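Presented below is the structure to which this report refers.
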Amino acid sequence: MSAAGSAAGSGAVLGIVIVLLTQQFGFVALTSIFTSVLYLAVAAIVGGVVFGVAARMAGRRAAPSP
Amino acid sequence: MTRPSVPHGRKWWLAVPAVAVSAALLVLPALSATVAGEPGGVSHPSLSFAASSVTGPTVTWNGKDVSGASSPSSAISIQKGQTALVQFTFDESSATTVGNASISVNYLGLVLTTSKASPRVVGGPPIAAVATINWSFGPLYDALEGVFEFTASLLSPNGSTVWSESFYVFAQAPYLLESGAVIILLVFLVLELYWAASAIRDARRHAQPPQSKAVPPSAGTPTEPPTPPSSSGQGPTDAGGTGPSSTGPPPSGPASGGGGPT
Chain G
31 MSAAGSAAGS GAVLGIVIVL LTQQFGFVAL TSIFTSVLYL AVAAIVGGVV FGVAARMAGR
91 RAAPSP
Chain H
26 MTRPSVPHGR KWWLAVPAVA VSAALLVLPA LSATVAGEPG GVSHPSLSFA ASSVTGPTVT
86 WNGKDVSGAS SPSSAISIQK GQTALVQFTF DESSATTVGN ASISVNYLGL VLTTSKASPR
146 VVGGPPIAAV ATINWSFGPL YDALEGVFEF TASLLSPNGS TVWSESFYVF AQAPYLLESG
206 AVIILLVFLV LELYWAASAI RDARRHAQPP QSKAVPPSAG TPTEPPTPPS SSGQGPTDAG
266 GTGPSSTGPP PSGPASGGGG PT
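Here the protein sequences line up with chains G and H, keeping their order. Just so we're aligned, residue 31 is where the first sequence starts under my numbering, counting upward by one. Just so we're aligned, residue 26 is where the second sequence starts under my numbering, counting upward by one.
Shown next, in the form of structure tokens:
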């Protein structure tokens, strides 16, 4: 797995963990199955994209500019 | 240019426990549904009386009207080990029969627990009825906390809902940290942040240019050869020493070497 893929995976899990933590801390109520899955899926996608792009950008910035 | 497959410290299977435990945290409440709260409710013989409509039902949670807790931000708090006295008060007149009052907890679309109590007449007319339920989170408190949606309902004897109202309760552990789920989630948060940071760092490290092959260390040698011509005096053999660096000084080497012996 590439570094960007690994970072995206970590970001997706981070998104799920953060949503569950916000529920535990009382900011979000995971009541219905639809809203719960929606929140978790959106958080996972956003986390994965953010961290994947961050890793990709970091690799690109460190690469030599011809 | 294809991106290289970067080997680094994070193995893909390390994410499996994180996902598994997160899924377990989601499913755990459903498995504990029979444990939490008052088990199965109390099956009193229903005190039924006629009513055409249930008017003005109010539900209080430890004396506080639950109608003010209609959103997670205005949820009623309950502490660990605390028991809440939920009281239904309503009036009835003519044709509808109310058999039970119930309160249920909803989480992820599932009903975690349901507690029931039969109403008793306390006055009238119109008939005023009260149903009380002592509710507690039970052992589920050790695993979970957070905001949960409760549904208070008045049920007819055949089980159909006559009236219902939803409200939110914040089951709160002291310092917000005495729930097992919070501890596990915080550990995962730190671990995933570390893994993500290390993955980004590895991406940066492995994207360094392969310039070690393009620029060999022999770049500085061409400036050295100008000294040997006069000292050695053996022109044709080897001016700058041995090896490939001797190709560097040809401009000065042959000129001085050719004139030296003569």
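Glycine included, C-beta positions come from ideal geometry on N, C-alpha and C. Just so it is clear, the structure is predicted and the values come from calculations on it, not from any experiment.
If we count the other Cβ atoms within 10 Å of its Cβ and call it buried at 16 or more, is residue i buried or exposed?
| i | result |
| --- | --- |
| isoleucine 128 of chain H | buried |
| lysine 141 of chain H | buried |
| valine 84 of chain H | buried |
| aspartate 90 of chain H | exposed |
| leucine 44 of chain G | buried |
| leucine 68 of chain G | exposed |
| isoleucine 63 of chain G | exposed |
| threonine 186 of chain H | exposed |
| isoleucine 101 of chain H | buried |
| serine 178 of chain H | buried |
| serine 95 of chain H | exposed |
| asparagine 125 of chain H | buried |
| glycine 88 of chain H | exposed |
| glycine 184 of chain H | exposed |
| valine 215 of chain H | exposed |
| glycine 41 of chain G | buried |
| valine 72 of chain G | exposed |
| proline 164 of chain H | exposed |
| isoleucine 208 of chain H | exposed |
| valine 111 of chain H | buried |
| valine 130 of chain H | buried |
| glycine 78 of chain G | buried |
| arginine 91 of chain G | exposed |
| serine 32 of chain G | buried |
| glycine 89 of chain G | buried |
| valine 49 of chain G | buried |
| valine 47 of chain G | buried |
| serine 204 of chain H | buried |
| serine 98 of chain H | exposed |
| serine 92 of chain H | exposed |
| phenylalanine 162 of chain H | buried |
Can you confirm whether residue i, when its beta carbon is compared against all beta carbons of chain B, has any partner nearer than 8 angstroms?
| i | result |
| --- | --- |
| isoleucine 128 of chain H | Structure shown: chain B not included; protein chains present are G and H. |
Flag residue i as yes when its Cβ comes closer than 7 angstroms to any non-hydrogen atom of the ligand HEM, and as no otherwise.
| i | result |
| --- | --- |
| glycine 184 of chain H | Inclusion of the ligand HEM in the displayed structure is not the case, the ligand content being empty and no account of it being possible. |
Apart from the five residues just before and just after residue i, which ones in its own chain have a Cβ nearer than 8 angstroms to its Cβ?
| i | result |
| --- | --- |
| serine 181 of chain H | Thr121, Thr122, Val123, Gly124 and Val187 |
| isoleucine 75 of chain G | Ala42 and Gly45 |
| proline 70 of chain H | Bear in mind that a pLDDT of 40 at proline 70 of chain H, under 50, signals an unreliable position, so the number given afterwards is only what the model happens to contain. Excluding sequence neighbours, proline 70 of chain H sits near Ser143. |
| glycine 134 of chain H | none |
Leaving out the 5 sequence neighbours to the left and right, which residues in its chain are closer than 7 angstroms to residue i when beta-carbon positions are compared?
| i | result |
| --- | --- |
| serine 189 of chain H | Thr176, Ala177 and Ser178 |
| leucine 70 of chain G | Ile46 and Val49 |
| glycine 155 of chain H | Contrary to the premise, residue 155 of chain H reads as valine rather than glycine in this sequence. Closer than 7 angstroms at the Cβ level, and outside the excluded window around valine 155 of chain H, lie Gln112, Phe113, Thr114, Pro144, Arg145 and Val147. |
| valine 80 of chain G | Gly41 |
| serine 66 of chain G | Leu60 |
If I measure Cβ to Cβ from residue i and keep anything under 6 angstroms in the same chain, skipping five residues before and after, which residues do I get?
| i | result |
| --- | --- |
| isoleucine 17 of chain H | Chain H is shown from 26 up to 287; residue 17 of chain H falls before or after that span and cannot be answered. |
| tryptophan 86 of chain H | Ile101, Ala109 and Val111 |
- prompt: Of the residues that make up the segment 38-62 of chain G, which ones have a beta carbon closer than 8 angstroms to any beta carbon in chain H?
  reply: Gly39, Ser40, Gly41, Val43, Leu44, Ile46, Val47, Ile48, Leu50, Leu51, Gln53, Gln54, Phe55, Gly56, Phe57, Val58, Ala59, Leu60, Thr61 and Ser62
- prompt: Just checking, does the segment 78-85 of chain G make contact with the segment 212-226 of chain H on the three C-beta pairs under 8 angstroms criterion?
  reply: yes
message: Tell me which residues of the segment 76-89 of chain G have at least one Cβ-Cβ distance to chain H shorter than 8 angstroms, keeping chain order.
response: Phe81, Ala84, Ala85, Arg86, Ala88 and Gly89
task: Answer yes if the segment 168-187 of chain H comes into contact with the segment 55-64 of chain G, meaning at least three C-beta pairs across the two stretches below 8 angstroms, and no otherwise.
output: yes
Three or more C-beta pairs below 8 angstroms linking the segment 35-43 of chain G and the segment 103-117 of chain H: no
- request: With 7 angstroms as the C-beta to C-beta threshold (strictly closer), list the residues of the segment 180-196 of chain H near chain G in chain order.
  value: Tyr193 and Phe195
query: Going along the chain, which unbroken runs of the beta strand (DSSP E) with 3 or more residues stay wholly within the segment 138-168 of chain H?
result: 145-148 and 152-160
task: Kindly confirm or deny that the segment 190-198 of chain H and the segment 155-169 of chain H touch, where touching means at least three C-beta pairs closer than 8 angstroms.
output: yes
task: Just list the alpha helix (DSSP H) runs in the segment 182-209 of chain H, keeping only unbroken ones of 4 residues or longer that don't cross its boundaries, in chain order.
output: none
query: Residues in the segment 89-104 of chain H with C-beta within 9 angstroms of chain G's C-beta atoms, listed in sequence order?
result: Ser96, Pro97, Ser98, Ala100 and Ser102
- prompt: Going along the chain, which unbroken runs of the beta strand (DSSP E) with 3 or more residues stay wholly within the segment 49-87 of chain G?
  reply: none
- prompt: Residue ranges of each beta strand (DSSP E) run of no fewer than 3 residues wholly in the segment 102-135 of chain H, ordered along the chain?
  reply: 109-118 and 125-132
Residues of the segment 204-222 of chain H whose Cβ lies closer than 8 angstroms to any Cβ of chain G, in chain order: Ser204, Ala206, Val207, Leu210, Leu211, Phe213, Leu214, Glu217, Leu218, Trp220 and Ala221
query: Listed from N- to C-terminal order along the chain, which residues in the segment 122-134 of chain H have their beta-carbon within a distance smaller than 8 angstroms of any beta-carbon of chain G?
result: Asn131, Tyr132, Leu133 and Gly134
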